[in-house]
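In the working numbering, the protein residues as written are 652 to 801.
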């Protein structure tokens, strides 16, 4: 593999991780699901969540996001290790959430990722979420009301 190909792969994988965060923040579950391979897996072990395949990831995302009053996710880049048409990596997360049931909190987490090159570009083969810190103290702030029509 050329150095240019390795650079291009890293840029594309980093863009994939950014696209994931944007799809989550914009509540675009169809786009979120399309970022996975057809047999891709999304896991959140602490919550007992394991979603396999694009349709399950899309509908599981709908169920999870329906619980949110608001949610902010910040992704911080981690490592990427490329091995031909597969790769692994980590991304570091900071999230602020307020659920419709009144629970609120801040957490820091790590996504442990496996990626696969496909004809449509790099996709997640697996994305596993590991919470490293959780603070469920009520948040001091709040989200502004949505604009009219939303």
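For glycine and all other residues, C-beta sits at the position ideal for the given N, C-alpha and C.
Computed from a prediction, not measured in an experiment: that's the story for all the values here.
Check: Which of the three DSSP states, helix, strand or coil, is assigned to residue 694?
Finding: Numbered from 1 along the chain shown, position 43 holds the residue referred to as residue 694. Three-state DSSP puts residue 694 in a strand.
By a C-beta neighbour count over all protein chains shown, 10 Å radius and 16 as the cutoff for buried, is residue 754 buried or exposed? Walking along the chain shown from the start, residue 754 turns up at place 103. It counts as exposed.
Next item on the list: Just tell me which of 782, 693, 690, 661 has its CA closest to the CA of residue 728.
Entry: Within the chain shown, residue 728 is the residue found at index 77, counting from 1. When each option's Cα is compared against that of residue 728, the closest is 661.
For residue 785, report the span of its beta strand (DSSP E) as first-last.
Reading the chain shown from its first residue, position 134 is the one you call residue 785. Residue 785 -> beta strand (DSSP E) spans 772 to 786.
Assigned secondary structure, residue 718 (DSSP; H/G/I helix, E/B strand, else coil)
For the purposes of this step, residue 718 is taken as residue 67 along the chain shown, with counting starting at 1. Note: residue 718 maps to coil in three-state DSSP.
field: Same chain, Cβ closer than 8 Å to residue 705, neighbours up to 5 away in sequence not counted
entry: For this step, residue 705 is matched to residue 54 along the chain shown. In its chain, beyond the 5 residues on either side, 684, 685, 687, 689, 691 have a beta carbon closer than 8 Å to the beta carbon of residue 705.
Cβ-Cβ separation, residue 768 to residue 736 (assumed contact under 8 Å), whole Å = Here the question's residue 736 lines up with position 85 in the chain shown. Here the question's residue 768 lines up with position 117 in the chain shown. Residue 768 and residue 736 do touch by the CB rule: their CB atoms are close to 4 Å apart, below 8 Å.
Note to self: So, with DSSP's three-state summary, where would you put residue 794?
What the structure shows: Looking up residue 794 in the chain shown gives position 143. Coil.
Check: Candidates 780, 792, 658, 796: which alpha carbon is nearest residue 697's?
Finding: Position 46 of the chain shown, counting from 1, holds the residue named residue 697. For residue 697, the closest C-alpha among the options 780, 792, 658, 796 is that of 780.
- Could you tell me if residue 659 is buried or exposed, where buried requires 16 or more neighbouring beta carbons within 10 angstroms of its beta carbon? Position 8 of the chain shown, counting from 1, holds the residue named residue 659. Classification for residue 659: exposed.
Could you pull out every residue in the same chain whose Cβ sits closer than 8 Å to the Cβ of residue 718, ignoring the five residues on either side in sequence? Counting from one through the chain shown, the residue named residue 718 turns up at place 67. The answer, listed in chain order, is 750, 751, 752.
- prompt: Apart from the five residues on each side of it in sequence, which residues of its chain come closer than 7 Å, Cβ to Cβ, to residue 783?
  reply: Taking the chain shown and counting its residues from 1, the one referred to as residue 783 is at position 132. Answer for residue 783: 759, 760, 761, listed in chain order.
query: Over what stretch of residues does the beta strand (DSSP E) that includes residue 744 continue unbroken?
result: What you label residue 744 is simply residue 93 of the chain shown in a count that begins at 1. Boundaries of the beta strand (DSSP E) harbouring residue 744: 737 to 750, taken from the DSSP string.
_Given this structure, state the Cα-to-Cα distance separating residue 764 from residue 788, to the nearest angstrom._
Walking along the chain shown from the start, residue 764 turns up at place 113. Walking along the chain shown from the start, residue 788 turns up at place 137. Distance between residue 764 and residue 788, taken at the CA atoms: about 29 Å.
Would you mind giving the Cβ-Cβ distance between residue 680 and residue 713, rounded to the nearest angstrom? I have them listed as a contact below 8 Å.
Residue numbering aside, residue 680 sits at position 29 when the chain shown is read from its first letter. Residue numbering aside, residue 713 sits at position 62 when the chain shown is read from its first letter. Contact holds; Cβ gap of about 5 Å.
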